[in-house]
Every structure is written in structure tokens, then in C-alpha cells.
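Colleague: Protein chains in written order, with our numbering: chain A, 1 to 113; chain B, 114 to 229. We treat Cβ as the ideally placed atom computed from N, Cα and C, and that holds for glycine. These numbers come from a predicted model, not from an experiment. Handing you this structure, nothing more for now.
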Amino acid sequence: GNSVTQMEGPVTLSEEAFLTINCTYTATGYPSLFWYVQYPGEGLQLLLKATKADDKGSNKGFEATYRKETTSFHLEKGSVQVSDSAVYFCALSPFQGAQKLVFGQGTRLTINP
Amino acid sequence: NAGVTQTPKFRILKIGQSMTLQCAQDMNHNYMYWYRQDPGMGLKLIYYSVGAGITDKGEVPNGYNVSRSTTEDFPLRLELAAPSQTSVYFCASRISGGGAETDTQYFGPGTRLTVL
């Protein structure tokens with residue numbers, strides 16, 4: 001079946017630190033991969049996505065590369081800010097046009113000044 | 114474009130009461146979804162719809178009902194509220210058809226429900 005496993009949280013970093021949140025997936029076909037972000041008190045927003053192997057999604061200084069050989073889509077940012085404090089969800093769509101997304105359990109990130 | 118809107122933002126119910134959570138989108142999306150998010154947990158799919166008049170169960174449908182009479186609206190009904198339904202409820206929508214945008218879901222701001 002299809003599944004997404006995320007790095008256990010919570011994660012706490014100091015401002016300007018380097019961030020990595022690990023995400024690995026299991027899928028039978030050629031999935032699309034997503035990172036969503038949920039700021040406190042808000043709904044989820046799409047942060048970035050990649051639709052095929054070796055694609056790199058990027059937005060707001062965050063990046064993630066679709067690695068088929070390691071079935072991974074790790075989220076990275078070179079220098080985090082307090083405003084990046086949020087819950088981050090990795091997700092996959094098993095194939096383009098699939099009816100449902102498969103979400104990971106979420107990773108809570110707190111950035112201290 | 115208002116995107117996906119949800120009402121109410123907050124609600125407290127007593128055990129056994131009923132209520133309807135409203136969700137509307139103005140993006141002409143065919144697909145709509147209801148999720149619940151329990152404290153510190155990920156999202157669980159309750160129901161979804163691929164178009165007006167068509168609905169299907171997700172992972173956790175028990176205790177809920179939905180209807181989809183228009184493309185824009187997808188209300189979620191709780192008939193006999195129970196403490197286990199205390200959660201934050203999110204509605205989402207996405208476009209159908211081909212193309213890279215097909216799989217991206219757009220979320221509403223959520224409804225925080227407490228059942229006492």
C-alpha cells in the first residue's frame with residue numbers, strides 16, 4: 001500500500017540553524033510528493049511539491065528533492081526563522097489525479113530566537 | 114477569490130446534540146474533503162466527494178454524514194455528538210482533470226469543535 005513516514009517531533013532549533021525534516025514513502029506507482037505547512041491556528045497550506053523523480057520543489061527558502069532510489073523527500077532550509085515555527089506534513093498522491101492524498105503524521109517545529 | 118471557507122470557527126456542543134459544519138469553495142473545484150485533526154495528531158479523512166451528488170467514506174466516517182447538492186458546498190453533519198468527536202475539522206478542495214495542479218488540495222481555516 002501507500003504510506004508516508006515522517007521524522008518524529010517535536011523539533012526545536014535556534015534561529016539561523018539548518019533544518020532537515022525527514023520524510024520517506026512507500027508507493028506502488030509513481031507518486032507526486034508534497035510538503036504542507038500548518039501555522040498555529042490555521043489550515044494547511046501547500047509549501048512545495050515535486051511530481052517526478054529528481055525534481056526539486058522549493059518555496060520560501062525551503063527545498064525538497066524527490067529521490068526515487070531512497071524513496072525520500074526530505075525538507076531542508078539553510079537558515080530558519082522564528083516565523084517558520086509550524087507543523088509540517090509530508091504527503092503523497094499515488095498517481096496524478098488520485099482521489100486521495102496520503103499524509104504523514106506531521107512534525108512540529110519550534111524556532112527559538 | 115475567498116478560496117475554501119468554513120463556518121463556524123469554534124463551537125461547543127453538549128453530548129447528544131447535533132450540528133452541521135459548513136464548507137464552501139469558490140474555485141469551481143469538483144473534489145472536496147473533510148478531515149479531522151486530533152490534538153498532536155495528523156489528519157484523518159472522514160468523507161470526500163468527487164462531484165455534486167457523489168460522496169464516499171474515508172478512514173473515519175462513523176458518527177458523521179455528508180451531502181453534496183452543489184459544486185460549491187459540502188456540509189458535514191454530526192447527528193449525536195460524542196466527546197470522541199472533539200477535534201479540529203478541516204475542509205479541503207481540489208480541481209479535477211489532468212495537469213500538475215490536479216493533486217494539490219486547498220484547505221479551509223478549520224472549525225474547532227469541543228463536545229462536553
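Can you check whether the CB of T107/A is closer than 8 Å to the CB of Q6/A?
Modeller: In contact: Q6/A and T107/A (Cβ atoms closer than 8 Å).
Colleague: Classify R181/B as buried or exposed, calling it buried when 16 or more other Cβ atoms lie within 10 Å of its own Cβ.
Modeller: Counting Cβ neighbours within 10 Å, R181/B comes out buried, since at least 16 surround it.
Colleague: For S32/A, return the contacting residues in chain B, with the cut-off set at a CB-CB distance below 7 Å.
Modeller: What S32/A touches in chain B: D216.
Colleague: Evaluate the contact criterion for the segment 145-157 of chain B versus the segment 46-58 of chain A: three or more CB pairs, one atom per stretch, below 8 Å.
Modeller: The segment 145-157 of chain B, when compared against the segment 46-58 of chain A, does not touch it at the 8 Å Cβ threshold.
Colleague: Rank Q105/A, S83/A, L92/A by C-alpha distance to the C-alpha of L29/A and give the top, closest one.
Modeller: For the record, residue 29/A in the displayed sequence is Gly; it is not Leu. Taking only the C-alpha atoms, the option nearest G29/A is L92/A.
Colleague: Answer with buried or exposed for A64/A, where buried requires no fewer than 16 other C-beta atoms within 10 angstroms of its C-beta.
Modeller: It counts as buried.
Colleague: DSSP on V82/A, reduced to helix/strand/coil?
Modeller: Three-state result, V82/A: helix.
Colleague: DSSP beta-bridge partners for N59/A?
Modeller: Answer is F62/A.
Colleague: Can you tell me which residues form a DSSP beta bridge with M145/B?
Modeller: Looking at the DSSP assignment, M145/B forms a beta bridge with S162/B, S206/B.
Colleague: Would you call the CB atoms of F62/A and K52/A closer than 8 Å?
Modeller: Taking 8 Å as the Cβ cut-off, F62/A and K52/A do not qualify as a contacting pair.
Colleague: What residues in the segment 162-179 of chain B have a beta carbon less than 7 Å from any beta carbon of chain A?
Modeller: So the close ones are V163.
Colleague: Which of the three DSSP states is assigned to S200/B in this structure?
Modeller: Looking at S200/B - three-state DSSP - the assignment turns out to be strand.
Colleague: Given that F203/B touches chain A, what residues does it touch there, using C-beta distances under 8 Å?
Modeller: G43, L44, listed in chain order.
Colleague: Quick one: any contact between the segment 66-77 of chain A and the segment 15-29 of chain A, if contact means 3 or more CB pairs under 8 Å?
Modeller: The segment 66-77 of chain A vs the segment 15-29 of chain A: in contact.
Colleague: Under a CB-based cut-off of 8 Å, is L47/A close to chain B?
Modeller: It does not: the Cβ of L47/A has no partner Cβ on chain B nearer than 8 Å.
Colleague: If you reduce the DSSP assignment to three classes, tell me which class D186/B lands in.
Modeller: Strand.
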